[in-house]
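Under the UniProt record's numbering, the first residue of the sequence shown carries the number 1, and numbering increases by one thereafter.
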Amino acid sequence: GPVENGSVASENTQKTDPVMEPKLKAVDWDKDLVDWQKPLLWQVGHLGEKYDEWVHQPVSRPIRLFHSDFVEALSKTVWYSVPIIWVPLVLYCSWSYYGAFAQGNVPLLAPFATEYSVAMPESAFPGLFLLGLFIWSLLEYLIHRFLFHLKPPSNSAYLIMLHFAMHGQHHKAPFDTSRLVFPPVPASLVIAFFYLLLRLILSAAVAGTVFAGSLLGYVIYDLTHYYLHFGSPHKGSYLYHLKAHHVKHHFAHHQSGFGISSKLWDHFFHTLTPEEPHPKTQ
1 GPVENGSVAS
11 ENTQKTDPVM
21 EPKLKAVDWD
31 KDLVDWQKPL
41 LWQVGHLGEK
51 YDEWVHQPVS
61 RPIRLFHSDF
71 VEALSKTVWY
81 SVPIIWVPLV
91 LYCSWSYYGA
101 FAQGNVPLLA
111 PFATEYSVAM
121 PESAFPGLFL
131 LGLFIWSLLE
141 YLIHRFLFHL
151 KPPSNSAYLI
161 MLHFAMHGQH
171 HKAPFDTSRL
181 VFPPVPASLV
191 IAFFYLLLRL
201 ILSAAVAGTV
211 FAGSLLGYVI
221 YDLTHYYLHF
231 GSPHKGSYLY
241 HLKAHHVKHH
251 FAHHQSGFGI
261 SSKLWDHFFH
271 TLTPEEPHPK
281 TQ
C-alpha cells in the first residue's frame, strides 16, 4: 500500500520525474507562524529562532511583502523585464566602448593611476568582455553562498527582514513567478554600484567592457534561474542536470549547490549537491 511520506507513487504520478517535481509538505494555513492574509515582511522579523526552519519549508503560493501597493509592485517583476531592460545596455556599452578601443589610446587604469597604466590594444576588447562574464559567474556563486545564505541572527528583526526580502522569500515561495528574477529597481542599484566600483580602478572603456560582459552574465543567470524553476529540460541535457542541482538546493541541501548558471564554482569550492543513488529501473 502507499507509504505515508509519499515515497510510493500512485499510477498517475509514476510518469513524473521525482528529480524535477519535489513534493511539498501540506501546510495548515490557519496554524502557520504567519498570517498569510497580511503582508509577510513585517511578520517574519518576529519569528526569531523559528525563522530559519520556517523559511526553508517551501509553499506553492505567491507572497505579498508590503502593505504599500507601490512598494509591492517594485518588489516583483515578470521574467522578460530582464532582457528588455538589460540587453540594450549590454549592446550600448559594447558598441560604444568597442568604438573607443578602435580609436586607440585606451589606458587600462582610472586617471588616478595614470603613471602605472598601460595602453590597451583593440584586440583586448573580447578578452575583457569574457573576463566580465567570468567575474559574474564567480560573483553569482559568492553572493548566493555568502550573502543570500548567511543565517540572520535570531535576535535581529531587521536582519531577518533583510534576508527575507533578498532571498528568503524565494526559498519560501519558489514557484512565485513574479519573485524569481531580480526586479529592475533594486537590481539597478546593485548594478550601478558594481559599475562605479569598476570605474574606481579602471579607465572608462576598460571598465565599461568588463561591465558589459558581467551584465550579460547576469542576464544569462537570471533567465537560466527562471527556466530551472519553470522549464522542462530534456532528460540528460546540460540544463536537466542544472535543474536537478538547483531543485536539490531548494528542497534538500540548502547549504550546497550555489551555482545557478553553471556548477563551475561548486566544483571548485566542493559544494556540489550530493548525488542521489539512482534506483534501478524494473
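C-beta: ideal position from N, C-alpha, C; glycine also.
Output the distance between the C-alpha atoms of Q255 and L242, rounded to the nearest integer angstrom.
Against the sequence shown, residue 255 aligns to sequence position 255. Against the sequence shown, residue 242 aligns to sequence position 242. Each residue's Cα considered, the two are about 16 Å apart.
Separation of F182 from P174, as counted between CA atoms:
The residue labelled residue 174 in the question sits at position 174 within the sequence shown. The residue labelled residue 182 in the question sits at position 182 within the sequence shown. Taking the straight line from one Cα to the other gives about 14 Å.
Considering only the beta carbon of each residue, do L24 and L65 sit closer than 8 Å?
As a first step, residue 24 is located in the sequence shown; it is residue number 24 there, counting from the start. As a first step, residue 65 is located in the sequence shown; it is residue number 65 there, counting from the start. No, Cβ-Cβ distance for L24 and L65 is not below 8 Å.
Assuming contact is defined by CB atoms lying nearer than 8 Å, are I135 and V247 in contact in what I supplied?
Reading the sequence shown from its first residue, position 135 is the one you call residue 135. Reading the sequence shown from its first residue, position 247 is the one you call residue 247. No.
What do you get for Y80, buried or exposed, if any count of 16 or more other CB atoms within 10 angstroms of its CB means buried?
Numbered from its first residue, the sequence shown carries residue 80 at position 80. Classification of Y80: exposed, given that the 10 Å Cβ count is below 16.
Check whether P274 and H171 have beta carbons under 8 Å apart:
As a first step, residue 274 must be located in the sequence shown, where it is residue number 274. As a first step, residue 171 must be located in the sequence shown, where it is residue number 171. No, the pair does not count as a contact, with Cβ atoms beyond the cut-off.
Check V106 in the structure and name its three-state DSSP category.
Counting from one through the sequence shown, the residue named residue 106 turns up at place 106. DSSP places V106 in strand when its eight states are reduced to three.
Tell me the DSSP bridge mates of T120?
Here residue 120 refers to the residue found at position 120 when the sequence shown is read from its first residue. It is Met, not Thr, that sits at residue 120 in the sequence shown. In the DSSP output, where bridge partners are listed per residue, M120 has V106.
Taking V34 and Q43 to be in contact with their CB atoms under 8 Å, please state how far apart those CB atoms are, rounded to whole angstroms.
Counted from its first residue, the sequence shown places residue 34 at position 34. Counted from its first residue, the sequence shown places residue 43 at position 43. With a Cβ gap of about 4 Å, V34 and Q43 count as contacting.
Taking the CB atoms as reference points, tell me whether F101 and F125 lie closer together than 8 Å.
Start at 1 with the first residue of the sequence shown, and residue 101 comes out as number 101. Start at 1 with the first residue of the sequence shown, and residue 125 comes out as number 125. Taking 8 Å as the Cβ cut-off, F101 and F125 qualify as a contacting pair.
Specify, as a first and last residue, the run of the alpha helix (DSSP H) that G208 falls within.
Residue mapping note: residue 208 aligns to position 208 of the sequence shown, counting from 1. First-last of the alpha helix (DSSP H) with G208: A204 to F230.
Taking buried to mean at least 16 other C-beta atoms within 10 Å of its own C-beta, is residue 340 buried or exposed?
The chain is shown from 1 up to 282; residue 340 falls before or after that span and cannot be answered.
Is the beta carbon of L223 less than 8 Å from the beta carbon of P83?
Within the sequence shown, numbered from 1, the residue matching residue 223 stands at position 223. Within the sequence shown, numbered from 1, the residue matching residue 83 stands at position 83. A contact, by the Cβ cut-off of 8 Å.
Helix, strand or coil at V34 [DSSP, three-state]
In the sequence shown, the residue the question calls residue 34 occupies position 34. Note: V34 maps to coil in three-state DSSP.
Quick one: residues in its chain with C-beta nearer than 6 Å to the C-beta of H144, no 5 flanking neighbours on either side, listed in chain order?
Within the sequence shown, the letter at position 144 stands for residue 144. Contacts found: F258.
Within 10 angstroms of the Cβ of E4, are there 16 or more other Cβ atoms? Answer buried if so, exposed if not.
Here residue 4 corresponds to residue number 4 of the sequence shown, with the count starting at 1. For E4, the predicted structure reports a pLDDT of 38, less than 50, and the residue's modelled location is therefore unreliable. A value from the coordinates is still provided. By the neighbour-count rule (16 or more Cβ atoms within 10 Å), E4 is not buried but exposed.
Curious, which full-length alpha helix (DSSP H) runs of at least 4 residues does the segment 158-203 contain?
169-172 and 184-201
Span of the alpha helix (DSSP H) holding H234?
To locate residue 234, count along the sequence shown from 1; it is residue 234. Looking at the DSSP string, H234 is not in any alpha helix (DSSP H), and its letter there is neither H nor E.
Please return the same chain residues whose Cβ sits closer than 6 Å to the Cβ of R61, not counting the five positions on each side in sequence.
By 1-based counting over the sequence shown, the position of residue 61 is 61. Within the same chain, R61 has no close Cβ partners at all.
Under DSSP, the alpha helix (DSSP H) around L264 begins and ends at which residues?
As a position in the sequence shown, residue 264 is number 264, starting the count at 1. It spans L264 to F268 - the alpha helix (DSSP H) in which L264 sits, taken as one unbroken run.
For D52, which residues from the same chain have a beta carbon less than 7 Å from its beta carbon, with the 5 sequence-adjacent residues on both sides left out?
By one-based count along the sequence shown, residue 52 stands at place 52. Here the set comprises K151.
By alpha-carbon positions, which one of G48, L264, V118 and L74 ends up nearest to S203?
Counting from 1 along the sequence shown, the entry for residue 203 is found at position 203. It is V118.
Go ahead and label G45 buried or exposed: buried means 16 or more other beta carbons lie within 10 angstroms of its beta carbon, across all protein chains shown.
Start at 1 with the first residue of the sequence shown, and residue 45 comes out as number 45. Buried, since its Cβ has 16 or more Cβ neighbours within 10 Å.
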